[in-house]
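For the sequence shown, my numbering puts the final residue at 113, and the numbers step up evenly by one. The block underneath contains the structure these notes are about, expressed in structure tokens.
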Amino acid sequence: EKPHECLECGKGFKQRRDLITHQRIHTGERPYECPQCGKSFSLRGNLITHQRIHTGERPYKCSQCGMCFSQRGHLISHQRIHTGERPHECGECGMSFSRQDSLTLH
8 EKPHECLECG KGFKQRRDLI THQRIHTGER PYECPQCGKS FSLRGNLITH
58 QRIHTGERPY KCSQCGMCFS QRGHLISHQR IHTGERPHEC GECGMSFSRQ
108 DSLTLH
């Protein structure tokens, strides 16, 4: 059950706080501002990820080769080099890719 509904688009949420966060899509509200450069974000987590640009922090380390990344998704994408995983498949020709953006370009 999702009792909290967005009046703008009708999407439902279990938690009221998730509705409030969602509504920022419609309002354009970006309450989290980077103190270094002033860029603002609608989600606190996106600000934290962004701040790694300024700090150089790379907390996600590949267990295979030791390369470090600022974002978890970048590590996951990188690890496919080692595993050979290609989860993004073209529905027309069957060719597969390790990254979604490569499939989109294809």
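Here a beta-carbon is modelled for each residue, glycine too, at the ideal position from N, C-alpha and C.
Per DSSP, reduced to three states, the secondary structure at HIS11 is strand. When secondary structure is reduced to three states using DSSP, GLY80 falls in the helix class. Taking 8 angstroms as the upper bound for CB-CB distance, GLN107 and HIS95 are in contact here, some 5 angstroms apart. With contacts defined by Cβ atoms closer than 9 angstroms, LEU54 and CYS41 form a contacting pair. Listed in chain order, the non-local C-beta contacts of GLN43 below 8 angstroms within the same chain comprise GLN58, HIS61, local neighbours out to five positions each way being set aside.
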